[in-house]
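Numbering of the sequence shown is given in the numbering used here, commencing with residue 102 and proceeding in unit increments.
Every residue, glycine too, gets a C-beta built ideally from N, C-alpha and C.
Predicted model, so just to flag it, every value in this text is computed and none were measured.
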Amino acid sequence: MFTNLESIGLLSNAKTRSISAENPDGAVGGGAKVIPDIYNPGSALGKGWKVRPCITLPKKSLTTLVDVEGPGSITHIWITVGEIAYRNCVLRMYWDGEEDPSVEVPVGDFFCCGHGLRAKINSLPISVNPSGGFNSYFPMSFRKSCKITVENCHTEDIGGFFYQFDYMLCDIPDNMAYFHAQWRRSMTSREYPEHIILDGVKGKGQYTGVYLAWEQMSNGWWGEGELKCYIDGDGEYPTYCGTGTEDYFGGAWGFGDTFSTPFLGYPLWKHGNGGEIPKHGLYRFHIMDPIRFEKDIKVTIQALGWYPNGKFEPLTDDIASTVYWYQTHPHAKFPDFPLVEARFPR
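Next up, the structure:
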């Protein structure tokens, strides 16, 4: 039995590949081949140096970043781009030739940077480092093919899009599920103070975590609501029921400060000075404690505060969620993705 560190020395027949602006198709010996023109910063050095480290995403367009055949697995993703892209650009990932994506999330939110704002994230699967270095270590296996696109929905070109996708070509175990991620946004209400994080999932798999970009629309404490997982046909009552928002995300007693740890964190607390709406960012990754389902799963979170009389107050808050899970295929089609206007932060 080997731990992850001990396994580094184990020999394997897997083949390492990497896709970036310098090697856009991941070909063997295909990197650093661009010949610089006289306007390129590398023109004095010639080919083989730093000539094409990034690309420009044309306005209102779709760019394919990865299109490779398997079997294989993505092991690491690194992206950096200006904050204008965080909600204007959408990442989509397709496994084994599927028509509908298994991943559909704004670029920033996928890396736990909602509201169009940066935050430093020090978790195990997601790391965001100064100044805006996005990293993902979620394993993403595919058997036949992998296609990853980014859509620029902005009215202007977005330059300086840097990326690298590291992957290996290897055999995939029969019991390896496919990675999924989905973005939803809703405004809770006093009549229905609950945000749906995940619904409509059919198949076998495990819920692996969630990131919330929470915009607080009223004064006072906002985190009394519970997260609930309805598993394998649960009806009115869930099998998995938390005790409060700060509890589920690993804090206590109203947080009081930000934190970022390997599996859970509250990395963003924008206080709302000068009349600005308070903003919060929270993540919880079920790496050591996946929530498994055999047939289906639904995940929700409540928005509750306090009335002055000591009773729970239903809140009208703006909540955007990015949920991560693994499951067998085929997967159910995602809800229609919101237009860019509906993704703007307040």
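Return the Cβ separation of residue i and residue j in integer angstroms, given the expectation that the two are a contact with Cβ distance under 8 Å.
| i | j | result |
| --- | --- | --- |
| serine 237 | isoleucine 178 | 4 Å |
| leucine 383 | tryptophan 315 | 7 Å |
| cysteine 271 | proline 172 | 7 Å |
| tyrosine 264 | serine 121 | 6 Å |
| glutamate 327 | cysteine 342 | 6 Å |
| tryptophan 450 | leucine 416 | The question about residue 450 has no answer, for the chain in this structure spans 102 to 447. |
| methionine 241 | serine 174 | 6 Å |
| glutamine 317 | isoleucine 378 | 7 Å |
| valine 208 | isoleucine 180 | 7 Å |
| glycine 352 | arginine 385 | Not confirmed; about 11 Å, so no contact. |
Out of the options, point me to the one whose CA is closest to residue i's CA.
| i | options | result |
| --- | --- | --- |
| glycine 366 | Gly375, Asn374, Phe356, Val251 | Phe356 |
| serine 319 | Glu257, His255, Trp407, Asp258 | Trp407 |
| leucine 166 | Arg286, Met269, Ile156 | Ile156 |
| glycine 217 | Val311, Asn230, Thr423, Asn189 | Asn189 |
| phenylalanine 262 | Val311, Met269, Leu192 | Leu192 |
| glycine 131 | Gly143, Arg118, Trp196 | Arg118 |
| tyrosine 349 | Glu337, Asp390, Phe211, Thr417 | Asp390 |
| serine 228 | Glu170, Phe243, Asp210 | Asp210 |
| cysteine 330 | Lys380, Gly352, Asp418, Val424 | Val424 |
| proline 137 | Gly127, Ala404, Glu123 | Glu123 |
| threonine 429 | Phe445, Phe413, Thr164, Trp196 | Trp196 |
| isoleucine 388 | Asp335, Asn374, Phe239, Pro368 | Phe239 |
| proline 368 | Phe212, Pro446, Phe413 | Phe212 |
| threonine 289 | Thr250, Leu405, Met194 | Leu405 |
| proline 446 | Trp426, Asp419, Pro431, Phe413 | Asp419 |
| isoleucine 332 | Gly411, Lys399, Gly375 | Lys399 |
| glutamate 170 | Lys248, Lys134, Ala186 | Lys248 |
| tyrosine 312 | Ser108, Arg244, Gly215, Val182 | Gly215 |
| aspartate 335 | Glu347, Asp300, Thr344 | Asp300 |
Can you check DSSP and say which residues form a bridge with residue i?
| i | result |
| --- | --- |
| histidine 216 | The partner list for histidine 216 (beta bridge, DSSP) is empty, contrary to what the question assumes. |
| proline 207 | Val191 |
| proline 226 | Answer is none; proline 226 lacks a bridge partner. |
| tyrosine 293 | Tyrosine 293 pairs with nothing; no bridge assigned. |
| proline 415 | Leu405 |
| glycine 382 | Ala314, Leu369 |
| isoleucine 175 | Met241, Tyr268 |
| threonine 309 | In DSSP, threonine 309 forms no bridge with anything. |
| serine 319 | Answer by DSSP bridge pairing: none, since serine 319 is not bridged. |
| phenylalanine 438 | Partner(s): none; phenylalanine 438 has no beta bridge. |
| glutamate 395 | Answer is none; glutamate 395 lacks a bridge partner. |
| asparagine 253 | Ser162, Cys190 |
| leucine 328 | Ile402 |
| phenylalanine 445 | None; phenylalanine 445 has no bridge partner. |
| lysine 248 | Asp168, Tyr195 |
| serine 422 | Arg285, Leu313 |
I'd like to confirm something about residue i: is its beta-carbon nearer than 7 Å to some heavy atom of the ligand FMN, or not?
| i | result |
| --- | --- |
| glutamate 199 | Absence of the ligand FMN from the depicted structure is noted, as is the absence of any ligand whatsoever, leaving it without description. |
Got a sec: is the Cβ-Cβ distance from residue i to anything in chain D below 8 Å?
| i | result |
| --- | --- |
| arginine 286 | The structure shown contains no chain D; it holds only a single protein chain. |
Open item on the list: Does the contact criterion of 3 or more C-beta pairs under 8 Å hold for the region 360-370 versus the region 211-227?
Closed with: Contact holds: three or more Cβ-Cβ distances are below 8 Å.
Open item on the list: Within 8 Å, do at least three Cβ pairs link the region 305-318 to the region 384-398?
Closed with: Yes, the region 384-398 is in contact with the region 305-318.
Open item on the list: Check whether the region 252-259 and the region 156-166 are in contact - that is, three or more C-beta pairs closer than 8 Å.
Closed with: yes
- [ ] Indicate whether the contact test is met: 3 or more Cβ pairs, each with one atom in the region 272-286 and one in the region 141-154, closer than 8 Å.
- [x] Result no; under three Cβ-Cβ pairs closer than 8 Å.
- [ ] Would you check if the region 288-302 and the region 194-206 touch, i.e. whether three or more CB-CB distances between them fall below 8 Å?
- [x] Output reads no: the region 288-302 does not touch the region 194-206.
Open item on the list: Does the region 227-236 come into contact with the region 435-446, if we say contact requires no fewer than three beta-carbon pairs (one atom in each stretch) closer than 8 Å?
Closed with: These segments do not touch.
Open item on the list: Runs of 4 residues minimum, wholly inside the region 333-373: which ones carry the alpha helix (DSSP H) assignment?
Closed with: Listed in chain order, they are 346-349.
TODO: Ignoring anything shorter than 3 residues or poking outside the region 256-306, list the beta strand (DSSP E) runs there in chain order.
DONE: 259-270, 279-288, 295-303
Task: Runs of beta strand (DSSP E) lying entirely within the region 121-184, each at least 3 residues, in chain order - done: Entirely contained in the region 121-184, the beta strand (DSSP E) runs reaching 3 residues are, in chain order, 156-158, 162-170, 173-181.
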